[in-house]
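Take 206 as the starting number for the sequence shown in this note's numbering and just add one per residue.
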Amino acid sequence: MTVNAVTIDVVILAAGQGSRMKSALPKVLHPIAGQAMLAHVVASAKNVNADKLHIVVGHGADQVKAHFQSESDIAWAMQLEQKGTGHAVQMALENLAESGVTLILYGDVPLIQPSTLQALINLVSDQQLGLLTVNMDNPTGYGRIVRDREHNVRSIVEHKDASEIELAITEVNTGIMAVPTAKLHEWLPNLSNENAQGEYYLTDVIAMAVGAGLTVETLQPEFAEETYGVNNRQQQAELERWYQGRLVSALMTEGVTVLDPARLDIRGSVRVGRDVVLDTNVLLEGAVTLGDGVVIESNCVIKDANIAAGTRIKAFSHIDGADIEQACDVGPYARLRPGAQLKNGAKVGNFCEVKKSVIGEGSKVNHLTYIGDAEIGKHANIGAGTITCNYDGVNKFKTEIGDGAFIGSNSSLVAPVSIGENATIGAGSTITKTVESHKLGVARGRQVNLDWQRPMKKS
206 MTVNAVTIDV VILAAGQGSR MKSALPKVLH PIAGQAMLAH VVASAKNVNA DKLHIVVGHG
266 ADQVKAHFQS ESDIAWAMQL EQKGTGHAVQ MALENLAESG VTLILYGDVP LIQPSTLQAL
326 INLVSDQQLG LLTVNMDNPT GYGRIVRDRE HNVRSIVEHK DASEIELAIT EVNTGIMAVP
386 TAKLHEWLPN LSNENAQGEY YLTDVIAMAV GAGLTVETLQ PEFAEETYGV NNRQQQAELE
446 RWYQGRLVSA LMTEGVTVLD PARLDIRGSV RVGRDVVLDT NVLLEGAVTL GDGVVIESNC
506 VIKDANIAAG TRIKAFSHID GADIEQACDV GPYARLRPGA QLKNGAKVGN FCEVKKSVIG
566 EGSKVNHLTY IGDAEIGKHA NIGAGTITCN YDGVNKFKTE IGDGAFIGSN SSLVAPVSIG
626 ENATIGAGST ITKTVESHKL GVARGRQVNL DWQRPMKKS
């Protein structure tokens with residue numbers, strides 16, 4: 206894809222080991238908001254209409270590639286030795302277009318926004334490159350932006366190579382830049398590693414650009430946190446909290462009542478209607494849709510679920526892959542597993558589990574019950590302690606319960622089995638055969654009362 210006939214290449218550097226994370230997992234695969242850091246960067250890169258996406262990997266390359274195996278449009282480059290950022294980009298150089306714009310990003314700087322990247326790309330011409338900078342109160346460790354008296358950028362000096370005067374500079378390099386691709390082909394082979402770390406710095410292309418008479422135009426992001434990298438668990442947690450704050454704020458802007466913004470976590474995409482209420486310690490994962498007036502009480506996990514208008518999810522419930530229609534009542538302490546469908550006005554109460562089953566309109570599954578691989582009609586009542594015995598150790602079987610059926614407490618329905626409309630099952634029954642409509646099914650041992658002497662405790 207091209208914009209104004211300009212080819213856009215995006216190079217993401219993701220070869221670092223991340224030793225300070227102290228993990229077997231490559232650093233760029235550690236999550237922010239439930240998604241690998243590198244995945245955040247890839248998503249932002251795709252939003253700038255890039256023609257080609259290049260990822261430079263090294264440490265844990267196989268794991269990183271496996272994580273993105275469904276992404277067929279990524280060109281992978283290998284950096285076997287960690288010789289600096291300039292050397293990393295060199296690994297992708299042969300796959301870059303001869304001309305156009307190259308945007309350089311970092312797999313451990315996850316929250317860069319597409320709008321910032323697009324603005325940076327827009328700065329680039331044959332005689333100008335774009336550089337993203339930020340001002341920091343404590344710039345320790347960052348490369349300093351050195352400007353002349355006319356405020357033009359002259360170079361970037363790494364912290365370890367900086368003089369006392371340069372260390373006082375508070376404008377720092379984020380490492381993110383957009384460069385004329387033809388110039389990269391010219392400059393990168395000429396990088397030198399004569400510096401304190403013996404590395405090939407990508408930042409040296411800034412001085413090369415100035416020496417060649419190009420202008421280095423800088424841009425600052427709306428939020429400095431967009432440019433923050435993750436090197437340890439503390440930084441990961443800090444960035445997580447900032448990003449969660451942004452996500453929650455966006456929900457509140459849409460009219461959602463969040464009773465404590467600091468205790469809501471979002472790890473996916475959320476669509477909401479009007480007057481939604483989210484109580485404390487709620488976790489929203491995957492693709493979640495909440496209709497008008499939905500209330501999620503405290504300590505609930507909602508994952509990949511559609512919850513329609515007027516439904517209330519009571520405290521400590523787990524909803525995973527469920528489709529819940531209007532005005533349903535779920536919980537507390539309910540678990541809806543993938544394939545659970547609740548029709549309008551259905552109720553699933555405390556300590557109930559529903560998996561791959563339909564609970565019909567107005568039907569009730571109130572207490573301590575397991576419903577699996579079942580289809581329940583309208584206005585049925587499933588008594589406490591009922592289980593559908595759907596699994597024989599090898600295969601799963603279906604239970605059918607008709608409209609208006611009443612299942613007495615502590616019943617076992619051994620699938621495959623069918624309970625007809627308005628049928629009744631006596632409490633404590635084990636049902637293995639069809640119960641026709643309007644019939645009473647009872648399957649339990651006959652009660653016997655015997656004379657009985659309780660045992661006495663021996664002295």
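Cβ coordinates follow ideal geometry from the N, Cα and C atoms, glycine included.
Residue i - partner residues in DSSP beta bridges
| i | result |
| --- | --- |
| R476 | T494 |
| S277 | None, per the DSSP bridge assignment. |
| G646 | I630 |
| K552 | D534 and K569 |
| A271 | In the DSSP output, where bridge partners are listed per residue, A271 has none listed. |
| L308 | V215 and A383 |
| Q546 | D528 and V563 |
| S617 | I592 and T635 |
| M283 | V262 |
| Y575 | E558 and I592 |
| L489 | I471 and I507 |
Straight-line gap, residue i to residue j (C-alpha atoms, nearest Å)
| i | j | result |
| --- | --- | --- |
| E276 | S228 | 25 Å |
| I213 | M283 | 21 Å |
| V215 | I501 | 41 Å |
| E363 | R349 | 6 Å |
| K519 | G496 | 16 Å |
| C533 | A545 | 13 Å |
| K569 | R517 | 15 Å |
| S664 | W657 | 21 Å |
| E431 | Q425 | 10 Å |
| I523 | D342 | Reading off the sequence, residue 523 comes out as His, not Ile. Approximately 44 Å between the Cα atoms of the pair. |
| K638 | G650 | 16 Å |
| A367 | G403 | 15 Å |
| Q274 | G416 | 42 Å |
| V622 | I636 | 8 Å |
| V553 | H572 | 8 Å |
| E641 | E626 | 8 Å |
| E530 | V246 | 36 Å |
| R352 | C505 | 53 Å |
| S224 | G265 | 12 Å |
| V339 | V377 | 6 Å |
| A297 | R451 | 34 Å |
| A514 | F602 | 32 Å |
| V563 | R542 | 12 Å |
| K365 | G346 | 8 Å |
| G577 | Y596 | 9 Å |
Terminal residues of the beta strand (DSSP E) in which residue i lies
| i | result |
| --- | --- |
| A383 | E376 to P385 |
| D214 | I213 to A219 |
| V329 | Neither: V329 is in no beta strand (DSSP E) and is coded neither H nor E. |
| E422 | T420 to L424 |
| H259 | K257 to V262 |
| L372 | No beta strand (DSSP E) contains L372, which is instead part of the alpha helix (DSSP H) from E369 to L372. |
| V294 | Counting along the chain, V294 falls outside any beta strand (DSSP E), though it belongs to the alpha helix (DSSP H) covering T290 to L298. |
| T604 | T604 to I606 |
Reduced DSSP secondary structure (H/G/I, E/B, other) of residue i
| i | result |
| --- | --- |
| A241 | strand |
| E502 | coil |
| D313 | coil |
| E580 | strand |
| Y596 | strand |
| A248 | helix |
| T338 | strand |
| D656 | coil |
| G416 | helix |
| K388 | helix |
| P344 | coil |
| A324 | helix |
| L541 | strand |
| A266 | helix |
| N511 | strand |
| R517 | strand |
| L469 | strand |
| T207 | Note that T207 scores a pLDDT of 40, beneath 50, so its modelled location is shaky and nothing firm can be said. |
| V233 | helix |
| N395 | helix |
Residue range of the unbroken alpha helix (DSSP H) whose run includes residue i
| i | result |
| --- | --- |
| E430 | Unbroken run through E430: none, as it is neither H nor E. |
| S623 | S623 -> not in any alpha helix (DSSP H); beta strand (DSSP E) instead, spanning V622 to I624. |
| R451 | R438 to T458 |
| V362 | Premise fails: V362 lies in the beta strand (DSSP E), V358 to V362, not in any alpha helix (DSSP H). |
| V640 | Run containing V640: none; DSSP gives neither H nor E here. |
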